[in-house]
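Going by this note's numbering, the letters in the sequence shown line up with residues 245 to 516, in that order.
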Amino acid sequence: MKQLPPCLFSLTLPTYMVIEYCVCGMQEMLDSVDEKRFPVFQAHGYFCQLLDGLEYLHSQGTVYKDIKPGNLLLTTDGALKISDLGVAETCPRKALGPSDDVCVPLGSPAFHPPEIANGLDTFSGFKVDIWSAGVTLYNITTSLYPFEGDNIYKLFENIGKGHYSVPEECGPLLSGLLRGMLEYDPEKRFSIQHIRLHNWVRKKHPAMEPLVSMPPSADGRDAWCSMTVLPYLEHLHGYTDQDDDELFDGAGDIYSQGFTMPGEIQRYGGRE
């Protein structure tokens, strides 16, 4: 993740952003199976990648504030990507060093910690991320949520009380990790370092159940979740079969062909 200076963007010309292609979201995968959860070994793999992403964000002084399956995307090779930083917040720097104190309670209500549900003015942003990551782990391993309510007021009341249970089938290791991440007191709540040292995270989990595969696209024309951006580019820029014939006509090879990208290269300060 990299912050770009505003001067790199033109106000008059189109801006093209080329980013990684993720074939589906974690929530889509969960919704595609009757169990609405992942096998333990698969959940473990995704969770460890989530830890890596959160650790990096926190090292950059960024609080994500909205960890949930719906914001976690996956590539064709199963790499997890944290998306949608729309409510993320950069931590303020104080005289005594960086602080993760934040005061804007944004995000999805079911993933909010007690300190937000109870209306605290200021709270630890990093511990908010730990809590929501714990709710996410709870959900992808059990298909349930630790706190529920008929409406947002009842949901916040239940979260604010902090009473929940972990299904017995989770076992003692996973149960212990979840309770550490869903600790009511943010001061006692696990840090990323504590989570990494936990035996459930360090353990190699055997594949006891079938892997949950990535679902095909909604229109059924992309069963293998391949790279589908090319047809859209062809439609947008008028690429035709005739262009293809002209491109490869003659003795020249693909590595020496000249291409003209749509739009115009904007130079800033005399540099490309």
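Using N, Cα and C, we set each Cβ at its ideal position, and we do this for glycine too.
Span of the alpha helix (DSSP H), counted from its first residue to its last, around L295: What you label residue 295 is simply residue 51 of the sequence shown in a count that begins at 1. Note, L295: alpha helix (DSSP H), V284 to S303.
Do the CB positions of G378 and L441 come within less than 7 angstroms of each other? As a first step, residue 378 must be located in the sequence shown, where it is residue number 134. As a first step, residue 441 must be located in the sequence shown, where it is residue number 197. It is not a contact, given that the beta carbons lie outside the stated cut-off.
Buried versus exposed call for N315 [16 or more other C-beta atoms within 10 Å across all chains shown]: One-based indexing of the sequence shown puts residue 315 at position 71. Classified as buried, N315 has 16 or more neighbouring CB atoms from the shown chains inside 10 Å of its CB.
Limits of the alpha helix (DSSP H) - the one that K398 falls within: As a working mapping, residue 398 is identified with position 154 in the sequence shown. Element bounds for K398: I396 to K405.
When you compare only the Cα positions, how much space is there between Y290 and H438? Here the question's residue 290 lines up with position 46 in the sequence shown. Here the question's residue 438 lines up with position 194 in the sequence shown. Answer to the nearest angstrom: the Cα atoms are 18 angstroms apart.
So which of F355, N362 and G393 has the shortest CA-CA distance to S376? Within the sequence shown, residue 376 is the residue found at index 132, counting from 1. For S376, the nearest C-alpha among the options comes from F355.
Tell me, please, whether the stretch 367-374 touches the stretch 409-422 by the rule of three or more beta-carbon pairs shorter than 8 angstroms. Under the Cβ criterion (8 angstroms, minimum of three pairs), the stretch 367-374 does not count as touching the stretch 409-422.
Helix, strand or coil: how does DSSP classify G314 here? By one-based count along the sequence shown, residue 314 stands at place 70. If DSSP states are grouped into helix, strand and coil, G314 belongs with the helices.
Could you have a look at V348 and say whether DSSP puts it in helix, strand or coil? Within the sequence shown, numbered from 1, the residue matching residue 348 stands at position 104. Here V348 sits in coil by DSSP.
Assuming L324 contacts Q293 under a Cβ cut-off of 8 angstroms, what Cβ separation, rounded to an integer in Å, is found between them? As a first step, residue 324 must be located in the sequence shown, where it is residue number 80. As a first step, residue 293 must be located in the sequence shown, where it is residue number 49. Right, the Cβ-Cβ distance comes to about 4 angstroms (below 8 angstroms), so this counts as a contact.
Rounded to the nearest angstrom, what separates R446 and C414 at their Cα positions? In the sequence shown, the residue the question calls residue 446 occupies position 202. In the sequence shown, the residue the question calls residue 414 occupies position 170. Straight-line Cα distance between these residues: approximately 16 angstroms.
Let me know the secondary structure DSSP gives F391 once reduced to three states. Taking the sequence shown and counting its residues from 1, the one referred to as residue 391 is at position 147. In the structure shown, F391 sits in coil (DSSP, three-state: anything other than H, G, I, E or B).
Rounded separation between G269 and P313 - CA only: Looking up residue 269 in the sequence shown gives position 25. Looking up residue 313 in the sequence shown gives position 69. Distance between the alpha carbons of G269 and P313: 7 angstroms.
Locate the beta strand (DSSP E) running through L324, then write down its first and last residues. In the sequence shown, counting from the first residue as 1, residue 324 sits at position 80. Note, L324: beta strand (DSSP E), L324 to I326.
By the three-class DSSP mapping on this structure, what secondary structure does V307 have? Residue 307 sits at position 63 when you count from the first residue of the sequence shown. Three-state DSSP puts V307 in a strand.
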